[in-house]
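Asker: Heads up: the sequence shown begins at 1 in UniProt numbering, then just goes up one per residue. Beta carbons are placed, not taken as given, at the ideal position from N, Cα and C, and that holds for glycine.
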Amino acid sequence: MLKKITGMKPNDKGLNREKLLVRKALAFMEFGFTWAKCGLVFLLATSFLISGCTSTSIPITPSTPQYLDYLFPNVPEYLLGQAGVQHHNEAWGALQAGYLTQASTGFKRALNGKREFFPALAGLGYVALAERQPALALERFREVLVDEPNYVPAWVGQAEALLLSSMEFEALGAYEKALGFDSSLDTVRRRVEVLRFRRLQSLITTAQAADADGLQVAAARAYREALEISPESAYLYRGLAAMEREIGNIDSALDNITRANSLEPDNPSGFIFQGEILESMGDLDGAEQAYSEASRIEPSNVNTDRLATLLARLTLSRLPPSYRTISDSVSVTRGELAALVGVRLSSLLSILPRDETILVTDTRGHWADPWIRTVAQTGVMEVFPNHTFEPSRTLRRGELAKVVDSLLTIIRNRFPENVFNWKNQNIDFSDLLPQNIQYESAAIAVASGVMSQLQDGTFQLTGLVSGQDAAKVVDRILEIYDEAA
C-alpha cells in the first residue's frame with residue numbers, strides 16, 4: 001500500500017544514503033578496534049613503568065588483552081586513597097589476561113564488602129560478562145548505577161550485557177547514555193551508529209509489515225520511532241505521511257510530506273502525494289503548485305494528465321456558483337448555455353474573429369455576461385433584433401440545435417479535411433418536416449451524434465433542455481473539435 005500511495009521503493013535514495021553511512025561506520029569501527037587493541041597494550045606496558053609512583057595505574061598483563069570492548073572502571077579521585085585501588089587495578093589486569101577467577105577474587109578484595117568502592121563492583125560486572133553470565137552482569141552494573149548514575153564504565157558494561165542477552169534496542173539506550181556522559185568514546189559512538197541502523201531497519205520492516213496487515217496505527221508508531229533515530233530521512237517522513245493519511249490524520253500527513261519534500265526536493269512522488277492531500281482538502285491552488293513541481297521534476301503523461309485534471313477543477317472552482325449548478329438544473333436558460341459554451345469551448349472561441357460592433361443591452365450585471373458577449377460576437381449564438389440576448393429565457397431544443405449547427409459549421413470551415421459534412425443528411429422526424437426552417441439544424445445535430453432523436457421519433461423543437469443534456473452536447477462538440485484540431 002505504501003508503495004502504491006507514495007511511489008516509495010525499498011532502494012529509496014534517503015535510505016540508501018543511511019546504509020552507506022553505516023557501511024562507513026562499520027569500516028571505521030574495525031579500524032577503531034584495531035587502534036584500541038594497540039593502544040591498550042601500550043597502556044598496559046607503560047603502566048608497569050609507573051606502578052611504583054601511583055596507586056591508580058592498570059597492571060600489566062602477560063598477554064594480549066582479551067576484552068577490548070570492556071571499558072576500564074576507573075577509580076574517581078575521591079576514592080584514590082582507599083586500600084582497594086591496587087587490588088582493583090591488578091584484578092583488571094587479570095581479567096584482560098583471561099584469568100577470570102583471579103580477577104573476581106581481586107575485585108572482591110578491592111570491594112571488601114564496602115559498596116562505596118563501586119569501581120570494583122563494576123569490575124565484577126565485567127567478570128560476569130566474560131563468564132557469559134549477562135543476567136549477573138546486569139545486576140552488578142545496575143547496582144552501581146543506582147548510586148552512581150553518571151558512571152560511564154557501568155553504562156558501557158550494561159550495554160555489553162544487554163547485547164549478550166540479544167536486547168539490541170535496550171543496549172542502544174545504554175550506549176547512548178554512556179556517550180552522553182563522555183563524547184570522546186569513539187568505539188562506543190561507532191557501536192551506537194551500527195545499532196541505530198539495525199534498529200532503523202527493524203522499525204522499517206515492522207512498519208511495512210503492519211501496513212500490509214492493515215495496521216496503519218502500528219505502522220505510524222514504528223515510523224515515528226524510526227524518525228527519532230534518523231530525523232533527516234525523507235523516506236521515513238513519506239512513510240509516516242502515508243500512514244497518517246490512511247488513519248485520517250490529514251493535517252499531520254500534510255506536515256510530514258511537506259517535511260519530506262523539503263529534505264528531498266527532487267522526488268516527484270513526494271510532490272504528487274502532497275498534491276493529492278491538498279486536493280482532498282480543497283486547496284486546489286496548493287495542489288496545482290505541487291503537481292506542477294512534480295511535472296517539472298519528471299515530465300510524464302501521467303503527471304501532465306493529473307495536472308490538466310486539477311487545472312480543470314481549479315478553473316471550475318473559480319467560476320461563479322451559478323455556473324457550477326448548471327448540470328443539476330431541470331432546464332437551462334440561454335445565459336447558462338452561453339456560459340457552458342464560453343467555458344468549455346474556450347480553446348475554440350479564442351481563435352475565432354469577433355465582431356465588436358454587436359451590441360447586447362440586457363446582460364450587464366448578469367453573472368454570465370463575459371461569455372454571453374463572447375458567443376454573441378463570434379456568431380455562435382444570436383442576439384435579437386432589439387439588441388437583447390434575454391439570458392434568463394428558458395432554452396428550447398430547437399435553439400440548442402441551431403447553436404450546435406453554428407459550432408459544427410465553424411469547426412468544419414477551419415478543418416474542412418478533418419470534419420465530415422453533415423449537411424443534407426435526411427433524418428425522419430415524426431413532428432418535423434424538411435420544409436421547416438429549423439429542420440436542417442435539427443438534422444445536423446442528430447446526424448453528428450451531438451443531439452438525439454427522441455424515442456417516439458420526434459425532435460420536439462419546443463422541448464426543454466436539462467442542464468445535464470446541455471453539458472453533454474457541449475462536451476460532444478468539444479470532442480469533435482479536439483479530433484479535428
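1. Starting from Leu464, follow its DSSP beta bridges and name the residues at the other end.
2. In its own chain, which residues sit with a C-beta less than 8 Å from the C-beta of Val41, not counting the 5 before and 5 after it?
3. What residues match up with Leu432 in a beta bridge as DSSP calls it?
4. Go ahead and pull the three-state DSSP assignment for Thr315.
5. Assign Thr333 to one of three DSSP states: helix, strand, or coil.
6. Report the option in Leu200, Ala242, Leu215 whose CA atom is closest to the CA atom of Thr226.
7. Which of the three DSSP states, helix, strand or coil, is assigned to Ser292?
8. If you draw a straight line from the C-alpha of Tyr318 to the C-alpha of Ile427, how long is it?
9. Considering only the beta carbon of each residue, do Ser437 and Asp405 sit closer than 7 Å?
10. Ignore the nearest five residues each way along the sequence and tell me which others in Glu479's own chain have a CB closer than 6 Å to its CB.
11. Go to Thr325, then tell me how far its alpha helix (DSSP H) extends in each direction, as first and last residue.
12. Where does Phe429 land, buried or exposed, given buried means 16+ other C-beta within 10 angstroms?
13. Taking contact to mean 3 or more Cβ pairs, one atom from each stretch, closer than 8 Å, check whether the stretch 280–296 and the stretch 337–356 are in contact.
14. Who are the Cβ neighbours of Ala241 in its own chain at under 6 Å, not counting the five residues just before and after it?
15. Measuring straight from C-alpha to C-alpha, what distance separates Glu228 and Leu236?
16. For Val332 versus Gly467, is the C-beta spacing smaller than 7 Å?
17. Can the beta-carbon of Leu307 be found closer than 7 Å to that of Tyr291?
18. Which same chain residues, not among the five before or five after Gly32, have their C-beta less than 8 Å away from its C-beta?
19. With Arg140 and Leu124 assumed to form a contact (beta carbons below 8 Å), what rounded beta-carbon distance in angstroms separates them?
20. Fully enclosed by the stretch 70–113, which alpha helix (DSSP H) runs are 4 residues long or longer?
21. Cα separation between Lys177 and Met167?
22. How long is the line joining the alpha carbons of Leu111 and Ala83, rounded to whole angstroms?
23. Would Asp364 be called buried (16 or more neighbouring beta carbons within 10 Å of its own) or exposed?
24. Taking Pro321 as the reference, which of Ala368, Ile351, Arg397 has the closest Cα?
25. With DSSP as the reference, label Gly248 as helix, strand or coil.
26. Span of the alpha helix (DSSP H) holding Asp369?
27. How far does the alpha helix (DSSP H) with residue 503 in it extend, from its first residue to its last?
28. Buried or exposed for Arg259, going by 16 or more other Cβ atoms inside 10 Å?
29. Please confirm whether Leu80 and Glu131 have their CB atoms less than 7 Å apart.
30. Beta-carbon within less than 6 Å of Tyr175's beta-carbon, same chain only, minus the 5 sequence neighbours each way: which residues are those?
31. Residues in the same chain with beta-carbon distance under 8 Å from Cys38, minus the five sequence neighbours each way, listed in chain order, please.
32. Is it right to say Glu264 is buried, meaning 16 or more other beta carbons lie within 10 angstroms of its own, or is it exposed?
33. When you compare only the Cα positions, how much space is there between Phe121 and Arg115?
34. Taking its Cβ as the centre, do 16 or more other Cβ atoms sit within 10 Å of Gln425, making it buried, or is it exposed?
35. Considering only C-alpha positions, which residue in the set Ser230, Thr394, Trp371, Tyr223 is nearest to Ser346?
36. First and last residue of the alpha helix (DSSP H) that includes Pro153?
Answerer: So, from the data block:
1. Residue 464 sits at position 464 when you count from the first residue of the sequence shown. Looking at the DSSP output, Leu464 sits in a beta bridge with Arg396.
2. Taking the sequence shown and counting its residues from 1, one reaches residue 41 at position 41. In this prediction, Val41 scores a pLDDT of 40, lower than 50, which makes its location untrustworthy; the coordinate-derived value is nonetheless stated afterwards. Counting only Cβ-Cβ distances below 8 Å, and skipping sequence neighbours, we find Thr64, Pro65.
3. Stepping through the sequence shown from its first residue, residue 432 is reached at position 432. Answer is Phe429, bridged to Leu432.
4. Locating residue 315 in the sequence shown gives position 315, where the first residue counts as 1. In this structure, DSSP gives Thr315 a helical state, which the three-state scheme calls helix.
5. Stepping through the sequence shown from its first residue, residue 333 is reached at position 333. Three-state result, Thr333: strand.
6. The sequence position of residue 226 within the sequence shown is 226, counting from 1. Here residue 226 is Ala; the residue named in the question, Thr, does not match the sequence. Measuring from the Cα of Ala226, the nearest candidate turns out to be Leu200.
7. Position 292 of the sequence shown holds residue 292. Ser292: helix per DSSP, three-state reduction.
8. For the purposes of this step, residue 318 is taken as residue 318 along the sequence shown, with counting starting at 1. For the purposes of this step, residue 427 is taken as residue 427 along the sequence shown, with counting starting at 1. Note that residue 318 is Arg in the sequence shown, not Tyr. In this structure, the CA atom of Arg318 is about 41 Å from the CA atom of Ile427.
9. As a first step, residue 437 is located in the sequence shown; it is residue number 437 there, counting from the start. As a first step, residue 405 is located in the sequence shown; it is residue number 405 there, counting from the start. The sequence given here places Ile at residue 437; Ser does not occur at that position. No. Outside cutoff.
10. For the purposes of this step, residue 479 is identified with residue 479 of the sequence shown, where counting begins at 1. Sequence-distant Cβ neighbours of Glu479 in its own chain, meaning closer than 6 Å and more than five residues away, do not exist here.
11. Locating residue 325 in the sequence shown gives position 325, counting from the first residue. Taken as a continuous stretch (DSSP letters only), Thr325 belongs to no alpha helix (DSSP H), as it is neither H nor E.
12. On the sequence shown, position 429 is the one that residue 429 refers to. Around the C-beta of Phe429, 16 or more other C-beta atoms lie within 10 Å, and the residue is accordingly described as buried.
13. No, the stretch 280–296 is not in contact with the stretch 337–356.
14. As a working note, residue 241 is residue 241 in the sequence shown. Sequence-distant Cβ neighbours of Ala241 in its own chain, meaning closer than 6 Å and more than five residues away, are Ala253, Asn256, Ile257.
15. Residue numbering aside, residue 228 sits at position 228 when the sequence shown is read from its first letter. Residue numbering aside, residue 236 sits at position 236 when the sequence shown is read from its first letter. Going from the Cα of Glu228 to the Cα of Leu236 covers about 10 Å.
16. Numbered from its first residue, the sequence shown carries residue 332 at position 332. Numbered from its first residue, the sequence shown carries residue 467 at position 467. When the beta-carbon positions are compared, Val332 and Gly467 come within less than 7 Å of each other.
17. Start at 1 with the first residue of the sequence shown, and residue 307 comes out as number 307. Start at 1 with the first residue of the sequence shown, and residue 291 comes out as number 291. Between Leu307 and Tyr291, the gap from beta carbon to beta carbon is short of 7 Å.
18. As a working mapping, residue 32 is identified with position 32 in the sequence shown. Confidence at Gly32 is low in this model, with a pLDDT of 40, below 50, so the placement of that residue is unreliable and no value is reported for it.
19. Taking the first residue of the sequence shown as 1, we reach residue 140 at position 140. Taking the first residue of the sequence shown as 1, we reach residue 124 at position 124. Your pair Arg140 and Leu124 checks out as a contact, with CB atoms roughly 5 Å apart and the cut at 8 Å.
20. Here the runs fully enclosed are 84–97, 100–111.
21. Counted from its first residue, the sequence shown places residue 177 at position 177. Counted from its first residue, the sequence shown places residue 167 at position 167. Near 16 Å, if we compare the C-alpha coordinates of Met167 and Lys177.
22. As a working mapping, residue 111 is identified with position 111 in the sequence shown. As a working mapping, residue 83 is identified with position 83 in the sequence shown. Rounded to the nearest angstrom, the two C-alpha atoms are 10 Å apart.
23. Position 364 of the sequence shown, counting from 1, holds the residue named residue 364. Rather than Asp, the amino acid found at residue 364 in this sequence is Arg. Counting every other CB atom within 10 Å of its CB across the protein chains shown gives Arg364 a total below 16, marking it as exposed.
24. Taking the first residue of the sequence shown as position 1, residue 321 is located at position 321. Minimum Cα distance to Pro321 is reached at Ala368.
25. As a working note, residue 248 is residue 248 in the sequence shown. Three-state DSSP puts Gly248 in coil, outside helix and strand.
26. As a working note, residue 369 is residue 369 in the sequence shown. Note, Asp369: alpha helix (DSSP H), 369–377.
27. In the structure as shown, the chain starts at 1 and stops at 485, and residue 503 therefore has no counterpart that could be examined.
28. Position 259 of the sequence shown holds residue 259. Per the 10 Å Cβ criterion, buried.
29. In the sequence shown, counting from the first residue as 1, residue 80 sits at position 80. In the sequence shown, counting from the first residue as 1, residue 131 sits at position 131. It is not a contact, given that the beta carbons lie outside the stated cut-off.
30. By one-based count along the sequence shown, residue 175 stands at place 175. Here the set comprises Ala159, Val188, Arg191, Val192.
31. Here residue 38 refers to the residue found at position 38 when the sequence shown is read from its first residue. Low confidence applies here, because Cys38 scores a pLDDT of 38, under 50, leaving its location unreliable; read the following figure in that light. Closer than 8 Å at Cβ, skipping near neighbours: no residue.
32. Translated into positions along the sequence shown, residue 264 becomes position 264. Burial call: buried.
33. Reading the sequence shown from its first residue, position 121 is the one you call residue 121. Reading the sequence shown from its first residue, position 115 is the one you call residue 115. A small fix is needed here, since residue 121 is Leu in this sequence, not Phe. Taking the straight line from one Cα to the other gives about 8 Å.
34. Position 425 of the sequence shown, counted from the first residue, corresponds to residue 425. Classification of Gln425: exposed, given that the 10 Å Cβ count is below 16.
35. On the sequence shown, residue 346 is found 346 positions in, with the first residue counted as 1. The shortest Cα separation from Ser346 among Ser230, Thr394, Trp371, Tyr223 belongs to Trp371.
36. Residue mapping note: residue 153 aligns to position 153 of the sequence shown, counting from 1. Boundaries of the alpha helix (DSSP H) harbouring Pro153: 152–164, taken from the DSSP string.
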